[in-house]
Structure formats: structure tokens, C-alpha cells
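Visitor:
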Amino acid sequence: EAGVAQSPRYKIIEKRQSVAFWCNPISGHATLYWYQQILGQGPKLLIQFQNNGVVDDSQLPKDRFSAERLKGVDSTLKIQPAKLEDSAVYLCASSLEVNTGELFFGEGSRLTVL
Amino acid sequence: KQEVTQIPAALSVPEGENLVLNCSFTDSAIYNLQWFRQDPGKGLTSLLLIQSSQREQTSGRLNASLDKSSGRSTLYIAASQPGDSATYLCAGSSNTGKLIFGQGTTLQVKP
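Chains P and H supply the protein sequences, listed in that same order. Heads up: the first sequence runs through residues 26 to 139, numbered per my numbering. Heads up: the second sequence runs through residues 106 to 216, numbered per my numbering.
See the structure below:
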């Protein structure tokens, strides 16, 4: 069974530029999450989708971050414009059902903002 | 608001030692508790999931327990090996599936 796929693995941009990350969850997984992990910290939830609807985006900085999951499968996370403090690893995770709670993570996309 | 704390932040042990990693959470209304392993530059690998009605789970040399009343979970690693060196993260979930993570314990097992 294929795992959660993410791309790109690494991205370096200048501040105020834009960047987009892509995630393809495990086939059949209805719930998709985007987490931000700053170096030395645990991951923090940015947004949770159930199919193509948003369940929780309370910690998403909506002035600069956006995410979509148009067909209920893959998802894109965009940052525009990027700030220095956005340097982090962006992790995508998926789970079969909301209440099973077992999340499977991708390898992450490492963003460096200069 | 759920907060998850992991102690210690770092641990170094000689190979073969049994060890315990601790995780505490502030809200006993936790749904599931999941332990993850993270290698440098990698994503998170799920180790054990303790579901709402369970108290412990075992996989190989790993055993995780959950005590909701005291707000604690422990991850026990038996006969540690150098390949166990990694960061271990615990995370508690609400009934919406949202995980709240601790900051992790970085384990080094010396040959």
C-alpha cells in the first residue's frame, strides 16, 4: 500500500515570495491534515479536511496561508507571501476515518525562507 | 485547551538498557493516544495507537500505556538498540481526530 506522498521535499525561497506544497493521501483515506513542524518542536495542526470540507482551520494564518482539497483526494497548501518564521517542515497526514485517530504521515516538505 | 508535555527532552542510554519515556496531558477527555518515531529529516512513523477504550498496546519491544485519570502515557522500550535512536513523539487526539503533540524526547542509544 502506497503511503502519503508529498512534494516538493525541499524548497528555498526569499521572503515575500509564494510557495505551494502538494499532498496525496493514502487511497481511501477521507481525512487529511496539514501540520507545521518548526525545528525542535512537535508538529502543530494547520488545517484538517474531512473529504473536501474543512473540519478545523483555527490555527491556520489565513492572511497568508491557504489550503484546498477540491475533489476530496489530494490537497495543496499555499503560503503567500512567505515570512522568515514560516521556515519549517510541512507535514501531511491522512487517516481512514476521523475517530480511528491513527494518522499516517508523509515525509514532509522542508521550507527555508531567506 | 489540551497541552502535551514530554519528559525528558533528551535521553542517552547504553545499548541493552530498558527505558521509559513519559508523556503527560492536561485534559483527561482525550480520545486516542498515539506514539510516533521521527528520524532526522524524515516524517513521523506511527509506533502504537491506544484507542479510547484501551489501556495499553504492545508491538515487539515496545509497550505503551495510557492512564486517562492521571493524564499520563508511557512508552517502554525493552533491550534498547542503537537503531532505536530517534525522536519519540506522543500525541493525544480529540474525538475529531485532531492530534496535539508533545515536543518529543530525543533518544540516543550508545553501542
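Glycine is no exception: its CB is placed at the ideal position from the N, C-alpha and C atoms. Computed from a predicted model, the values in this text were never measured in an experiment.
1. Scan the region 70–98 of chain P for residues whose Cβ lies nearer than 8 Å to a Cβ of chain H and list them as they occur along the chain.
2. Ignoring anything shorter than 3 residues or poking outside the region 37–123 of chain P, list the beta strand (DSSP E) runs there in chain order.
3. Can you name the residues of chain H whose CB is closer than 8 Å to the CB of P/Leu-5?
4. Under 8 Å, Cβ to Cβ, is there at least one residue of chain H near P/Glu-132?
5. Three or more C-beta pairs closer than 8 Å, one from the region 116–136 of chain P and one from the region 43–56 of chain P: is that the case here?
6. Kindly indicate which residue of P/Val-138, P/Leu-102, P/Leu-136 has the alpha-carbon position closest to the one of P/Trp-47.
7. Is there contact between the region 171–191 of chain H and the region 115–125 of chain H, where contact requires at least three CB pairs shorter than 8 Å?
8. Along the region 192–205 of chain H, what residues have a CB closer than 7 Å to any CB found in chain P?
9. In the DSSP assignment, find the unbroken beta strand (DSSP E) run with H/Ser-117 in it and report its ends.
Guide: In brief:
1. Leu-70, Gln-73, Val-80, Asp-81
2. 44–49, 56–62, 69–75, 78–81, 90–93, 100–104, 113–120
3. Since the first residue of chain P shown is 26 and the last is 139, residue 5 of chain P is not available in this structure.
4. yes
5. Verdict: yes, contact present.
6. With distances taken between Cα atoms, P/Trp-47 lies closest to P/Leu-102.
7. yes
8. Leu-194, Ser-198, Asn-200, Thr-201, Gly-202, Lys-203, Leu-204
9. 115–119
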